[in-house]
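S.K.: Quick note on the UniProt record's numbering: the sequence shown kicks off at 1 and runs consecutively.
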Amino acid sequence: MFKFSEISDMCIKCGKCIPECTIHRVNPDEATSPRGFLDILKGVEEGEIKIDKNFKDTVESCFLCNQCVEVCPNSLPTDFMIENARNLVAKKYGIAWWKRAFFFLLKNRWAYDLVSKLGFYFQTCGFKIEEEKKSIRSRFSLPMLHKGRLLPAFRKKTFLKKYPEKIEVKNPKKRVAIFIGCLANYNYTEVGDSLVEILKFLDIEIFIPKKQSCCGAPAYFTGDFKTTEELIKRNIEYFESFINEVDAIICPEATCSAMLKKDYEEYILHHMDKSWLDRHKKIKQKLFGTTEWLYKYTDLEKRLSNINKTSSVTYHDACHFGKVFGIKNEPRVLISKVSELKEMSRPDVCCGFGGITIQSEKFDLAKKEGMIKANIIKEVDAEVVSAECSACRMQITEMLDKVGDNKKFLHPLEIIASKIKELN
């Protein structure tokens, strides 16, 4: 049984986490600092603090950026503590109907496909299309959605529908499976298109698992452990059916990668039969972020040498790659081969996406942090901003719009693929 006190008692109250904490930066209150969270959760476990609306508001304000975990001398899993606290909140207060509806879509690909198709054809009814930003702007206010919000547009065809299950090449050097992630599947489909182009360029055979499910991150971060566990089991069982036939499962999304590799393991360890740990371990060994795998296990860097650099790029470190896995150098090396890389002052500052609750009920917090990030990006004299995360893309695109910066957002794979097309 998971105990909050075991982790809380390990906190030495050094305060190193506080100046780095995303929520504390925009809401400077000890209660919403990492060490404050730990004390509150211990108090709940010991019966000194009630699970009430104030507690709910407090634990739902965390961005889950992992900054505190990265700087903590003891690497205390504050993020995992808060995720479990949100489950306590969900048990007492339930989950909002519209979140449950969204999680239903995440669990049922057929339903999400249908909504996506309808969304593509009817999105102009309530939104203005902004093709350059791959976005739609709301024409009027809806529940949890204010007028003028900039959101990712639906595409005519999803990534999983675009391609056959197997894409063969002559004399394949390797064989990889693609876990695409929901945003790249339904909204930012150019990310998957670019990955396919790069893999074909490298003579790598591609397997696109058609029955892959959502990684479960939105449900997990909201405290819906029932949906989370269902998706964990479903994905592990499906991955087992082809894991021996591929060299790797690569994912272009930071949050999905962290969920599949790190959060699955933590959740199983504390909430599921331990037999799932061994099953997950076999899969985990072959799970990689896309630029991480392309940099370490292919000759892409070498093959991108001597390319004419015609654009400038500044790179944002997505929290779930940079802070969770330390993946910072890999995307930069590959980008710098095809574009002029210009560093922003603080590339590791969280963009402020924060998840479904932050983006809806607590959008004021997302906006405050997002504006900080947008102004950091605005200072850089670059044409393009990039990050290996579609959630960051959604947030940064909207925040740059608010500060009047016209930088184009491109995934590292899109930047690389555009140059490969020039070579061909």
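Even for Gly, the Cβ is constructed at its ideal location relative to N, Cα and C.
These figures come from a predicted structure and were not determined experimentally.
Taking the beta carbon of Asn84 as the centre, do at least 16 other beta carbons fall within 10 Å, making it buried, or is it exposed?
M.R.: One-based indexing of the sequence shown puts residue 84 at position 84. Per the 10 Å Cβ criterion, buried.
S.K.: Less than 9 angstroms between the beta carbons of Asn244 and Gln212, yes or no?
M.R.: In the sequence shown, counting from the first residue as 1, residue 244 sits at position 244. In the sequence shown, counting from the first residue as 1, residue 212 sits at position 212. It is not a contact, given that the beta carbons lie outside the stated cut-off.
S.K.: Enumerate in chain order the residues of its own chain whose CB-to-CB distance from Glu45 is below 7 angstroms, with the five nearest sequence positions on each side excluded.
M.R.: One-based indexing of the sequence shown puts residue 45 at position 45. Lys3, Phe4 and Ser5.
S.K.: Since Val338 and Lys373 are thought to touch, with beta carbons under 8 angstroms apart, how far apart are those beta carbons, to the nearest angstrom?
M.R.: The count along the sequence shown starts at 1 and reaches residue 338 at position 338. The count along the sequence shown starts at 1 and reaches residue 373 at position 373. Not really, about 24 angstroms apart at Cβ, beyond 8 angstroms.
S.K.: Going along the chain, which residues of its own chain have a beta-carbon closer than 6 angstroms to the beta-carbon of Ile167, five neighbours each way excluded?
M.R.: Here residue 167 refers to the residue found at position 167 of the sequence shown. Excluding sequence neighbours, Ile167 sits near Ile206.
S.K.: Could you have a look at Cys125 and say whether DSSP puts it in helix, strand or coil?
M.R.: Working through the sequence shown from its first residue, we reach residue 125 at position 125. DSSP places Cys125 in helix when its eight states are reduced to three.
S.K.: Quick one: using the 10 Å Cβ neighbour count with 16 as the cut-off for buried, is Gln67 buried or exposed?
M.R.: Counting from 1 along the sequence shown, the entry for residue 67 is found at position 67. Classification for Gln67: buried.
S.K.: Provide the residue(s) that pair with Ile335 in DSSP beta bridges, ordered along the chain.
M.R.: Here residue 335 refers to the residue found at position 335 of the sequence shown. BP columns for Ile335 are empty, so no partner.
S.K.: On the CB-based measure, 16 or more other CB atoms within 10 Å of its CB, does Thr22 come out buried or exposed?
M.R.: What you label residue 22 is simply residue 22 of the sequence shown in a count that begins at 1. It is buried - the Cβ of Thr22 has at least 16 other Cβ atoms within 10 Å.
S.K.: Is it right to say Pro152 is buried, meaning 16 or more other beta carbons lie within 10 angstroms of its own, or is it exposed?
M.R.: Counting from one through the sequence shown, the residue named residue 152 turns up at place 152. Pro152 comes out buried.
S.K.: Ignore the nearest five residues each way along the sequence and tell me which others in Glu30's own chain have a CB closer than 7 angstroms to its CB.
M.R.: As a first step, residue 30 must be located in the sequence shown, where it is residue number 30. For Glu30, where only same-chain residues beyond five positions count, the Cβ hits under 7 angstroms are Gly36.
S.K.: Give the straight-line distance between the Cα atoms of Thr222 and Gly352, rounded to the nearest whole angstrom.
M.R.: Within the sequence shown, numbered from 1, the residue matching residue 222 stands at position 222. Within the sequence shown, numbered from 1, the residue matching residue 352 stands at position 352. In a straight line, the C-alpha of Thr222 is about 16 angstroms away from that of Gly352.
S.K.: For Leu150, which beta-bridge partners are listed by DSSP?
M.R.: The residue given as residue 150 occupies position 150 in the sequence shown. In the DSSP output, where bridge partners are listed per residue, Leu150 has Arg137.
S.K.: Unbroken beta strand (DSSP E) runs of length 3 or more, entirely within the segment 300-326: which are they?
M.R.: Complete beta strand (DSSP E) runs here, min 3: 312-315.
S.K.: Please identify the residue among Cys17, Lys162, Tyr297 and Met272 whose C-alpha is closest to the C-alpha of Asp247.
M.R.: In the sequence shown, counting from the first residue as 1, residue 247 sits at position 247. Ranking Cys17, Lys162, Tyr297 and Met272 by Cα distance to Asp247 puts Tyr297 first.
S.K.: Using only CA atoms, which one of Phe201, Glu190, Ile180 and Glu197 lies nearest to Cys215?
M.R.: Here the question's residue 215 lines up with position 215 in the sequence shown. It is Ile180 whose Cα lies nearest to the Cα of Cys215.
S.K.: Is Cys389 closer than 9 angstroms to Thr255 when the C-beta atoms are compared?
M.R.: Here residue 255 refers to the residue found at position 255 of the sequence shown. Here residue 389 refers to the residue found at position 389 of the sequence shown. Yes, these two residues count as a Cβ contact at 9 angstroms.
S.K.: Which term fits Pro252, buried or exposed, when burial requires 16 or more other beta carbons within 10 angstroms of its beta carbon?
M.R.: Along the sequence shown, one-based indexing puts residue 252 at 252. That one is buried.
S.K.: Check whether the segment 123-141 touches the segment 91-108, taking contact to mean three or more Cβ pairs, one atom from each stretch, closer than 8 angstroms.
M.R.: Touching, no, given that fewer than three Cβ pairs across the two stretches are closer than 8 angstroms.
S.K.: Less than 8 angstroms between the CB atoms is what I'm expecting for Ile335 and Val313, so what's the real figure, rounded?
M.R.: Here residue 335 is taken as the residue at index 335 of the sequence shown, counted from 1. Here residue 313 is taken as the residue at index 313 of the sequence shown, counted from 1. Indeed, because the Cβ distance is near 6 angstroms, the residues count as touching under 8 angstroms.
S.K.: Taking Phe179 as part of the beta strand (DSSP E), name the residues at either end of that continuous run.
M.R.: Working through the sequence shown from its first residue, we reach residue 179 at position 179. Run containing Phe179: none; DSSP gives neither H nor E here.
S.K.: So, do the segment 156-167 and the segment 185-197 have three or more beta carbon pairs nearer to each other than 8 angstroms?
M.R.: In short, these stretches touch, since the Cβ pair count reaches three.
S.K.: Using three-state DSSP, classify Cys68 as helix, strand or coil.
M.R.: Position 68 of the sequence shown holds residue 68. Note: Cys68 maps to helix in three-state DSSP.
S.K.: Do Ile40 and Leu64 have their C-beta atoms within less than 9 angstroms of each other?
M.R.: Here residue 40 corresponds to residue number 40 of the sequence shown, with the count starting at 1. Here residue 64 corresponds to residue number 64 of the sequence shown, with the count starting at 1. No, the Cβ-Cβ distance between Ile40 and Leu64 is not below 9 angstroms.
S.K.: What are the complete alpha helix (DSSP H) segments, minimum 4 residues, inside the segment 225-288?
M.R.: Runs of the alpha helix (DSSP H) inside the segment 225-288: 225-240, 254-258, 264-271 and 275-284.
S.K.: Taking 9 angstroms as the cut-off, decide whether the C-beta atoms of Lys261 and Leu287 are in contact.
M.R.: Here residue 261 is taken as the residue at index 261 of the sequence shown, counted from 1. Here residue 287 is taken as the residue at index 287 of the sequence shown, counted from 1. Yes, the pair counts as a contact, with Cβ atoms nearer than the cut-off.
S.K.: Considering Ser40, what are the terminal residues of the beta strand (DSSP E) in which it resides?
M.R.: As a working note, residue 40 is residue 40 in the sequence shown. Reading off the sequence, residue 40 comes out as Ile, not Ser. Note, Ile40: premise wrong, no beta strand (DSSP E); alpha helix (DSSP H) at Pro34 to Glu45.
S.K.: With a floor of 3 residues, list each beta strand (DSSP E) that falls wholly inside the segment 372-419, ordered by position along the chain.
M.R.: With a minimum length of 3 residues, the continuous beta strand (DSSP E) runs that stay inside the segment 372-419 are 384-386.
S.K.: Pull the bridge partners of Lys201 from the DSSP assignment, please.
M.R.: The residue given as residue 201 occupies position 201 in the sequence shown. Per the sequence shown, the amino acid found at residue 201 is Phe instead of Lys. Paired residue(s): none; Phe201 is not in a bridge.
S.K.: For Glu292, report the span of its alpha helix (DSSP H) as first-last.
M.R.: Here residue 292 refers to the residue found at position 292 of the sequence shown. Note, Glu292: alpha helix (DSSP H), Thr290 to Tyr297.
S.K.: Assign Trp293 to one of two classes, buried (16 or more other C-beta atoms within 10 Å of its C-beta) or exposed (fewer than that).
M.R.: The count along the sequence shown starts at 1 and reaches residue 293 at position 293. The residue is buried, with at least 16 neighbouring Cβ atoms inside 10 Å.
S.K.: Is there a Cβ of chain B sitting closer than 9 angstroms to that of Lys302, yes or no?
M.R.: The structure shown contains no chain B; it holds only a single protein chain.
S.K.: Look at the alpha carbon of Lys56 and the alpha carbon of Lys99, and state the distance between them as a whole number of angstroms.
M.R.: Looking up residue 56 in the sequence shown gives position 56. Looking up residue 99 in the sequence shown gives position 99. When rounded, the distance between both Cα atoms is 16 angstroms.
S.K.: Helix, strand or coil for Phe2? Go by DSSP, reduced to three states.
M.R.: Within the sequence shown, numbered from 1, the residue matching residue 2 stands at position 2. Three-state DSSP puts Phe2 in coil, outside helix and strand.
S.K.: If I measure Cβ to Cβ from Lys200 and keep anything under 8 angstroms in the same chain, skipping five residues before and after, which residues do I get?
M.R.: Looking up residue 200 in the sequence shown gives position 200. Closer than 8 angstroms at Cβ, skipping near neighbours: Ile167, Val169 and Ile206.
S.K.: Take the Cβ of His280 as the centre, count every other Cβ of all protein chains shown within 10 Å, and call the residue buried at 16 or more, exposed below.
M.R.: By 1-based counting over the sequence shown, the position of residue 280 is 280. It is buried - the Cβ of His280 has at least 16 other Cβ atoms within 10 Å.
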